[in-house]
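Numbering (the working numbering), first residue to last: 43 to 324.
Put into structure tokens, the structure is as follows:
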């Protein structure tokens, strides 16, 4: 009896993710000078191409499919583009993988028996995904990225018999979820998650700036309105095993001898000398 059953190991998928926060100030500058709608696309799709090609270094150079290019005087150091995380996560086909860079906060929760328990809430940059390898090397990917942070505002609570008010922090969350089907190495982008921040700063001289009417002459008020858009660029790749005879970079290195170590102070290894042309092999 011949057994024609061939059982292979489960395929693994590696997910490369780039999570960036783009200032809407930069988007407004772009929209005022050029049209970003390329083939029905959006700004997120245009910016994603730069993340994939690695041109977003120092400055921002945007390319379009027809070959036209334009430069933007916007550097990451100025806060217009901020990379939040660049995780690389691996999971078996059909199994869920996750990533979180952040922390936990304890929040009191009331129970049915009039008691209060502490519940953990996670915040930060997180990602959950479930890959499924299909025929022909295609990858069905369910991905749910999320970015949450502690808000400056809070909720005041008070308990009977206890004086004072406790302030509980709020967690602002931006998340998205989608299912796509890609080839090995293809990428897609998720955008459109916009956050508005309004900040008011009051600077003034002590005592004089606090006067009811004349105090306005000794203080200044600064209003700042920031709008940022969250962008996720996801690239799934099939993980293939290395061959048995795969050479590591350290395989051809030779350790220094005692003479080289004590007399010459050599600490690092060196590759073997190149063979002399025409010399018989050893």
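The C-beta atom is built at its ideal place from N, Cα and C for all residues, glycine as well. Given the structure is predicted, the values throughout are model-derived calculations rather than measurements.
Asked, Found
"What distance in whole Å lies between the Cβ atoms of residue 276 and residue 55, which are believed to be in contact at a cut-off of 8 Å?", "Their Cβ separation, rounded to whole angstroms, is 11 Å, which puts residue 55 and residue 276 out of contact at 8 Å."
"Could you tell me which whole beta strand (DSSP E) segments of length 3 or greater appear in the stretch 243–302?", "261–281"
"I need the straight-line Cα distance from residue 135 to residue 57, nearest angstrom please.", "12 Å"
"Report yes if the CB atom of residue 61 is closer than 7 Å to the CB atom of residue 260, and no otherwise.", "no"
"Quick one: grab the DSSP three-state call for residue 178.", "helix"
"Count the other CB atoms within 10 Å of the CB of residue 181; is the residue buried (16 or more) or exposed (fewer)?", "buried"
"Can you tell which of 138, 63, 236 has its C-alpha closest to the C-alpha of residue 124?", "63"
"Could you spell out the range, first to last residue, of the beta strand (DSSP E) harbouring residue 228?", "Taken as a continuous stretch (DSSP letters only), residue 228 belongs to no beta strand (DSSP E), as it is neither H nor E."
"Taking the C-alpha atoms as reference points, what is the distance between residue 309 and residue 288?", "26 Å"
"What's the C-alpha gap between residue 220 and residue 166?", "20 Å"
"Taking the straight line between their C-alpha atoms, what separation do you get for residue 78 and residue 272?", "Residue confidence is low: residue 78 scores 36 on pLDDT, short of 50, so the model does not pin down where it sits. Its coordinate-derived value is still stated next. So the two alpha carbons sit approximately 17 Å from each other."
"Taking the straight line between their C-alpha atoms, what separation do you get for residue 146 and residue 243?", "30 Å"
"Just to confirm the assignment, what range does the beta strand (DSSP E) spanning residue 143 have?", "139–152"
"For residue 299, which residues from the same chain have a beta carbon less than 7 Å from its beta carbon, with the 5 sequence-adjacent residues on both sides left out?", "none"
"CA-CA distance, residue 176 and residue 59?", "21 Å"
"Name the DSSP beta bridge partners of residue 163, please?", "147"
"Measuring CB atoms only, is the stretch 183–195 touching the stretch 152–160, in the sense that at least three cross pairs come out at less than 8 Å?", "no"
"Of all the options 229, 286, 278, 303, which has the alpha carbon lying nearest to the alpha carbon of residue 131?", "278"
"Under a Cβ-count criterion, where at least 16 other Cβ atoms within 10 Å of its own Cβ denotes burial, should residue 249 be classed as buried or exposed?", "exposed"
"Would you kindly work out how many angstroms separate the C-alpha atoms of residue 159 and residue 251, rounded to a whole number?", "46 Å"
"Leaving out five residues on either side along the sequence, give the residues of the same chain with a beta carbon under 7 Å from the beta carbon of residue 126.", "61, 62, 63, 167, 189"
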